[in-house]
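Step one of this worksheet: look at the structure below.
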Amino acid sequence: MEEAHCRRLTGSVWDAEDLAQETLARALTRAAVSHKPVERPMAWLARIATNAFLDQVRRPAALLVEPSERAAPALAAPAEVRDALVEMATLLAPQERAAVVLKDVFDLPLKEIAAMLSTTEGAVKAALHRGRGRLTDPGRASALARRTAPGRDTLDALATAFTAYDLDGLTRLFVKDAVSDVIGMAHEVGRDQITAGSLHHTLVLETSVRWRAEVRQLDGDPLVLMWATPTAGAGAEAVEDVLRAETADGGITRLRWYYFCPDVLAEVGDRPDVPYRTHGHGL
């Protein structure tokens, strides 16, 4: 339930992976200081994931349409709600999103949802009313169109520098206080640390494969696919890493690496023209 819950809360495989990592870290910390056995582990993890989500996210940008005060039709099919979850990150405030997911996807009782969100049943009902209304508002398309994407020129430059094994060129693309996250493995802060860490490891220390980077638009997300060809000739070219960048003013402010995330690689590779290889490092 935890992974599915994270996916539905965040609306994307990328943010779900980050939330799952945070959930596991919090769960291990709490388990280490607890002297009581955990009852209903799935509900316990769902509560931790929900609270972590509410701690991390910011309220989305305001809609261009007037907020709807009407509830979704009483007989709305649950499948319709599930299909709309991908829109949640843009359309709903965190409390509304959590309430809709916990009730309409997992069908948890209002009392239990209220306890998870540290609020009242009345507040949960109000959040459900607002959230369902926004998801069925005909003006939601204009709000979805406002998503901010990384600069394509910067991504193209990143891919070109990776393919050319241009370490200096890669370094120049990062802002001074950039952040690099090799999900589940390393967290680097600052251009110098990133250069000496993940970039140096990929281009200098990793000699078993030759990398080729390519920018692809997949499900609305611009990504950098890292294609690897074994240098020993024992295997065809396949995607072994996926990069997601955040940019500002032509520079990279944050880069996420998904080399150690087999579920993410499998989802990206779920296309006829994207063969992939994972490394058995599920975290």
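Convert by adding 12 to the 1-based position in the sequence shown; the result is the number in this note's numbering.
All residues carry an ideal CB built from backbone N, CA and C; glycine is no exception.
CA-to-CA distance, A61 to T175, given in whole angstroms
Position 163 of the sequence shown, counted from the first residue, corresponds to residue 175. Position 49 of the sequence shown, counted from the first residue, corresponds to residue 61. CA-CA distance, T175 to A61, rounds to 37 Å.
Below 6 Å CB to CB, which residues in the same chain sit around E108 once its five sequence neighbours on both sides are set aside?
Taking the first residue of the sequence shown as position 1, residue 108 is located at position 96. The answer, listed in chain order, is A139, R142 and G143.
Whether or not the stretch 207–226 and the stretch 164–182 are in contact is what I'm after, with contact meaning three or more pairs of Cβ atoms, one per stretch, closer than 8 Å; do they touch?
Because the criterion of three Cβ pairs below 8 Å is met, the stretch 164–182 and the stretch 207–226 touch.
Could you check which residue in L179, D180 and V201 has the C-alpha nearest to that of D189?
As a first step, residue 189 is located in the sequence shown; it is residue number 177 there, counting from the start. Sorting L179, D180 and V201 by C-alpha distance to the C-alpha of D189 places V201 at the top.
With 16 other CB atoms within 10 Å as the buried threshold, where does E51 fall?
Along the sequence shown, one-based indexing puts residue 51 at 39. Here E51 is exposed: its Cβ has fewer than 16 other Cβ atoms, across all protein chains shown, within 10 Å.
Residue range of the alpha helix (DSSP H) that A190 falls in?
Indexing the sequence shown from 1 puts residue 190 at position 178. Looking at the DSSP string, A190 is not in any alpha helix (DSSP H); the run it does join, the beta strand (DSSP E), is F186 to V194.
How many whole angstroms separate the CB atoms of F186 and R203, which I take to be in contact at a CB cut-off of 8 Å?
Working through the sequence shown from its first residue, we reach residue 186 at position 174. Working through the sequence shown from its first residue, we reach residue 203 at position 191. For a cut-off of 8 Å, the C-beta gap from F186 to R203 is around 5 Å, short enough to register as a contact.
Starting from D277 and walking both ways along the alpha helix (DSSP H), at which residues does that stretch end?
Position 265 of the sequence shown, counting from 1, holds the residue named residue 277. The amino acid occupying residue 277 in the given sequence is Leu; Asp does not appear at that position. Counted as a single uninterrupted DSSP element, the alpha helix (DSSP H) harbouring L277 occupies residues P274 to V280.
Buried or exposed by the 16-neighbour rule on C-beta atoms within 10 Å, applied to A58:
Sequence index remark: in the sequence shown, residue 58 carries index 46 (1-based). By the C-beta density criterion, A58 is buried, having at least 16 other C-beta atoms within 10 angstroms.
Measuring from the CB of C18, is there a heavy atom of the ligand SAM at a distance below 6 Å?
Only the bare structure without any ligand can be found here, which leaves the ligand SAM out of the picture.
Since V251 and V276 are thought to touch, with beta carbons under 8 Å apart, how far apart are those beta carbons, to the nearest angstrom?
By 1-based counting over the sequence shown, the position of residue 251 is 239. By 1-based counting over the sequence shown, the position of residue 276 is 264. In this structure V251 is not in contact with V276, their Cβ atoms being roughly 11 Å apart against a cut-off of 8 Å.
What did DSSP end up calling E51 once you bin it into helix, strand or coil?
If you number the sequence shown from 1, residue 51 lands on position 39. In this structure, E51 counts as coil in the three-state DSSP scheme.
If we ignore side chains and look at the alpha-carbon of each, how far apart do Q296 and T148 end up?
Because the chain spans 13 through 295 in this model, residue 296 falls outside it and cannot be assessed.
Does the Cβ of P106 have 16 or more other Cβ atoms within 10 Å, making it buried, or fewer, making it exposed?
Start at 1 with the first residue of the sequence shown, and residue 106 comes out as number 94. P106 comes out buried.
For the beta strand (DSSP E) holding H213, just list the boundary residues, first then last.
The residue you call residue 213 lines up with position 201 of the sequence shown. In this chain, H213 is not harboured by any beta strand (DSSP E), its DSSP state being neither H nor E.
Classification of S130 by the beta-carbon crowding that lies within 10 angstroms, buried from 16 upward:
Here residue 130 refers to the residue found at position 118 of the sequence shown. Classification of S130: exposed, given that the 10 Å Cβ count is below 16.
Whole angstroms are fine: how far does the CA of A37 sit from the CA of E124?
By one-based count along the sequence shown, residue 124 stands at place 112. By one-based count along the sequence shown, residue 37 stands at place 25. Whole-angstrom Cα-Cα distance: 23 Å.
Which of the three DSSP states, helix, strand or coil, is assigned to M128?
For the purposes of this step, residue 128 is identified with residue 116 of the sequence shown, where counting begins at 1. The answer is helix: DSSP assigns M128 an H, G or I state.
Pairwise C-alpha distance: P53 and A110:
As a working note, residue 110 is residue 98 in the sequence shown. As a working note, residue 53 is residue 41 in the sequence shown. Computed Cα separation, rounded: 19 Å.
Cα-Cα, which of H291, D261 and Q229 is closest to R283?
Reading the sequence shown from its first residue, position 271 is the one you call residue 283. Per the C-alpha coordinates, the member of H291, D261 and Q229 positioned closest to R283 is Q229.
Presumed contact (8 Å Cβ cut-off) between K137 and L122, rounded CB distance:
Within the sequence shown, numbered from 1, the residue matching residue 137 stands at position 125. Within the sequence shown, numbered from 1, the residue matching residue 122 stands at position 110. That pair is a contact at about 7 Å.
In three-state terms, what does DSSP make of E29?
Counted from its first residue, the sequence shown places residue 29 at position 17. Here E29 sits in helix by DSSP.
So D204 is in the alpha helix (DSSP H); what residue range does that whole segment cover?
Locating residue 204 in the sequence shown gives position 192, counting from the first residue. The continuous alpha helix (DSSP H) containing D204 extends over residues R203 to I206.
Please classify R1: does DSSP put it in a helix, a strand, or coil?
Since the displayed the chain opens at 13 and closes at 295, residue 1 lies outside it and no answer follows.
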